[in-house]
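Visitor: Here you go, one structure.
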Ligand code: G1P
Ligand code: ZN
């Protein structure tokens with residue numbers, strides 16, 4: 003094997019998070035930029051002799067080129083085998099599933115998740131470890147440190163391999179198997195859900211509209227929903243992964259998936275709507291003329307989990323990110339199981355899942371998942387809902403309303419202020435943190451503040467502490483406003499303001515969320531001076 007040693011371009015002057023490195027495509031196109039990341043990663047990983055690597059991405063622009071480069075570098079690193087998805091395609095949850103099912107030592111996912119794609123969009127790369135979950139911070143920190151020193155990259159000079167044909171080829175002695183991206187994942191779904199019940203549901207005329215947003219969820223949804231479960235052809239729309247996602251912003255929320263919302267609001271709306279994001283780990287579930295908040299979705303799944311074969315014996319516990327509404331906590335309490343509150347980001351669920359402390363977990367950002375993999379999983383959530391609808395005979399709306407009747411409604415919204423100059427965002431957060439000690443016991447904008455802090459989390463499994471995870475202002479009635487800066491944006495800073503109010507009174511469950519939350523919006527501005535510091539009169543996105 004010939005190895006070429008080439009000078010490198012440091013991949014970043016900014017530390018990548020555990021969701022990997024996400025940058026504009028133009029940045030990734032710099033000479034040896036991707037190579038620097040991969041070399042740094044391979045340098046910090048142990049020897050690869052005898053090991054298997056899983057490789058695939060969401061099909062966005064640059065995916066194929068990156069796959070070929072990584073194969074050449076994996077050969078130089080000495081992997082025994084690489085399992086690569088056909089066409090370079092693998093969703094994030096599928097990578098996790100394949101790692102776990104095959105005993106691979108890890109996997110590389112090429113995706114910038116829900117960020118737009120195409121030549122002017124974003125590209126991304128992340129590494130998942132042997133449990134199928136995102137690499138922990140100690141790994142990503144080591145990769146970053148290495149990237150500053152790495153002088154040369156080790157890469158085979160073998161030609162490209164054919165990515166579109168299933169089968170095995172060799173590169174410098176390394177076995178490369180091009181796998182069906184769906185098969186392993188579908189088998190896992192079959193083991194969790196009552197496919198017969200869902201098949202009967204579709205056979206009985208139940209109508210679903212699944213919008214894959216021209217992203218990687220399409221092939222999975224088509225094979226499983228239309229192929230295996232008998233949903234009529236056309237159930238999955240935008241089902242072919244496109245390099246630029248057809249210009250869509252593949253982030254399933256009511257704003258970006260407006261076409262789905264329009265269909266679900268129509269007179270002849272289908273019974274259920276669903277969408278997934280760029281790499282198919284996020285999900286949005288919509289009822290007939292009824293939007294479901296992700297926090298409520300998690301709570302409904304938890305409340306009825308034992309109706310689903312994979313969770314028949316009950317849940318060990320549930321976990322939610324701190325800004326996610328407390329709806330699932332209320333269900334957990336009634337079920338007599340533990341509920342964990344973690345910082346934002348999927349990585350914090352890994353230890354709880356590995357230790358058997360939690361079975362279901364979720365975030366307000368349209369992410370839901372369970373111990374079946376170590377990533378959130380979009381189609382899994384949709385199949386869970388379908389299974390519940392099939393065995394209860396209740397509609398999506400009825401299941402959510404039942405939750406509200408039993409536990410009260412957690413009225414919820416997230417307001418995002420995007421592309422704020424970083425310095426302004428830092429000033430805002432600093433000011434807010436400085437004001438924290440003086441808030442409890444005061445009344446601001448008509449709201450009685452009981453408690454305020456900057457969330458700190460001690461991992462119950464390994465004792466590690468993560469501090470400064472978001473400012474919480476909690477009122478006497480339990481309402482909350484949470485402030486944090488996004489860690490995934492690629493342009494300036496994004497301020498996220500999370501608003502939650504509990505409404506026990508059933509006669510007020512139909513109140514429009516933004517109306518119900520208005521006092522909390524005023525409180526948020528009064529304590530954080532959002533309008534004056536950002537110059538933005540209203541959020542860029544409300545979900
Ligand atoms: C966002 C979401 C967070 C999610 C992450 C990765 O992160 O808010 O819940 O885990 O994307 O999908 P943020 O941009 O807020 O840091
Ligand atoms: Zn994603």
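Residue numbers (this note's numbering): 3 to 545. Glycine included, every Cβ here is placed at the ideal spot set by N, Cα and C. Because the structure is a prediction, the values reported are computed rather than measured.
(1) If I'm right that residue 183 touches residue 88 with Cβ under 8 Å, what's the distance once you round it to whole angstroms?
(2) Given 7 Å as the limit, tell me if residue 542 has its C-beta closer than that to any heavy atom belonging to the ligand ZN.
(3) Does the contact criterion of 3 or more C-beta pairs under 8 Å hold for the stretch 384–396 versus the stretch 198–205?
(4) Roughly how far, in whole angstroms, is the beta-carbon of residue 212 from the beta-carbon of residue 187, given that I think they are within contact range, below 8 Å?
(5) If you check the beta carbons only, do residue 273 and residue 284 fall under 8 Å apart?
(6) With hydrogens ignored, establish whether the beta-carbon of residue 466 is closer than 7 Å to any heavy atom of the ligand ZN.
(7) Does residue 457 come out as helix, strand or coil in the three-state DSSP assignment?
(8) If you measure from the CB of residue 364, is any heavy atom of the ligand G1P nearer than 7 Å?
(9) Quick one: Cα of residue 67 to Cα of residue 287, how far?
(10) Does the Cβ-Cβ distance between residue 364 and residue 246 come in under 8 Å?
(11) For residue 506, count the other beta carbons within 10 Å of its own beta carbon; 16 or more makes it buried, fewer makes it exposed. Which is it?
(12) With H, G and I counted as helix, E and B as strand and the rest as coil, what does DSSP make of residue 179?
(13) Does DSSP put residue 544 in a helix, a strand or coil?
(14) State the CB to CB distance for the pair residue 136 and residue 349, rounded to an integer number of angstroms; the pair is presumed to be in contact (CB under 8 Å).
(15) Once the 5 residues before and after residue 263 are set aside, which same chain residues still bring their CB inside 6 Å of it?
(16) Would you identify the three-state DSSP class for residue 133, choosing helix, strand or coil?
(17) Say yes only if the C-beta of residue 170 is nearer than 7 Å to one or more non-hydrogen atoms of the ligand G1P, and no if none qualify.
(18) Just checking, does the stretch 327–344 make contact with the stretch 436–446 on the three C-beta pairs under 8 Å criterion?
(19) Where does the unbroken alpha helix (DSSP H) through residue 202 begin, and where does it stop?
(20) Answer yes or no: the CB of residue 290 versus the heavy atoms of the ligand G1P, is any distance below 7 Å?
(21) At 4 residues or longer, what runs of the alpha helix (DSSP H) sit wholly inside the stretch 16–77?
(22) When you compare each of 434, 412 and 524 to residue 479 by their alpha carbons, which one comes out closest?
(23) Using a Cβ-Cβ cutoff of less than 6 Å, which residues in the same chain neighbour residue 296 once the five nearest sequence positions on both sides are dropped?
(24) Pull up the distance between the alpha-carbon of residue 91 and that of residue 407, whole angstroms please.
(25) With DSSP as the reference, identify every bridge partner of residue 128, one or two as the case may be.
(26) Quick one: is residue 167 buried, meaning 16 or more other Cβ sit within 10 Å of its Cβ, or exposed?
(27) If you follow the beta strand (DSSP E) that residue 277 is part of, which residue opens it and which one closes it?
(28) Let me check you understand the geometry: is the CB of residue 348 closer than 7 Å to at least one non-hydrogen atom of the ligand G1P?
Guide: Here's the rundown:
(1) Indeed they touch by this definition, with Cβ atoms about 6 Å apart.
(2) Result no, Cβ not under 7 Å from the ligand ZN.
(3) Flag = yes, the stretch 384–396 and the stretch 198–205 touch.
(4) 15 Å between Cβ atoms; not a contact.
(5) Not closer than 8 Å, so no.
(6) The answer is no for residue 466.
(7) In the three-state scheme derived from DSSP, where H, G and I count as helix and E and B as strand, residue 457 is classed as coil.
(8) Flag unset: Cβ of residue 364 not near the ligand G1P.
(9) For residue 67 and residue 287, the distance between alpha carbons rounds to 34 Å.
(10) The criterion of a C-beta distance shorter than 8 Å is not satisfied by residue 364 and residue 246.
(11) Exposed is the label assigned to residue 506, since fewer than 16 other Cβ atoms lie within 10 Å of its Cβ.
(12) Look at residue 179 here: in three-state DSSP terms it is strand.
(13) Strand at residue 544.
(14) Going by Cβ atoms, the distance from residue 136 to residue 349 rounds to 5 Å, so yes, they are a contact pair.
(15) The beta carbon of residue 263 sits closer than 6 Å to the beta carbons of 256 from its chain, once the five residues preceding and following it are set aside; these are given in chain order.
(16) DSSP places residue 133 in coil when its eight states are reduced to three.
(17) No; taking the cut-off as 7 Å, the Cβ of residue 170 has no heavy atom of the ligand G1P nearer than that.
(18) They do not touch, by the three-pair rule.
(19) Run containing residue 202: 197–205, per the alpha helix (DSSP H) assignment.
(20) No, the beta carbon of residue 290 sits no closer than 7 Å to any heavy atom of the ligand G1P.
(21) Annotation: the stretch 16–77 contains the following complete segments of the alpha helix (DSSP H) (minimum length 4 residues), in chain order: 27–30 and 35–46.
(22) Out of 434, 412 and 524, 412 has the C-alpha closest to the C-alpha of residue 479.
(23) Excluding residues within five positions, the ones whose Cβ falls inside 6 Å are 366 and 368.
(24) Between residue 91 and residue 407, the C-alpha separation is close to 43 Å.
(25) Under the DSSP definition of a beta bridge, residue 128 partners with 111.
(26) Counting other Cβ atoms within 10 Å of its Cβ, residue 167 stays below 16 and is therefore classed as exposed.
(27) Per DSSP, the continuous beta strand (DSSP E) segment holding residue 277 begins and ends at 274–278.
(28) Yes - the ligand G1P has a heavy atom lying nearer than 7 Å to the Cβ of residue 348.
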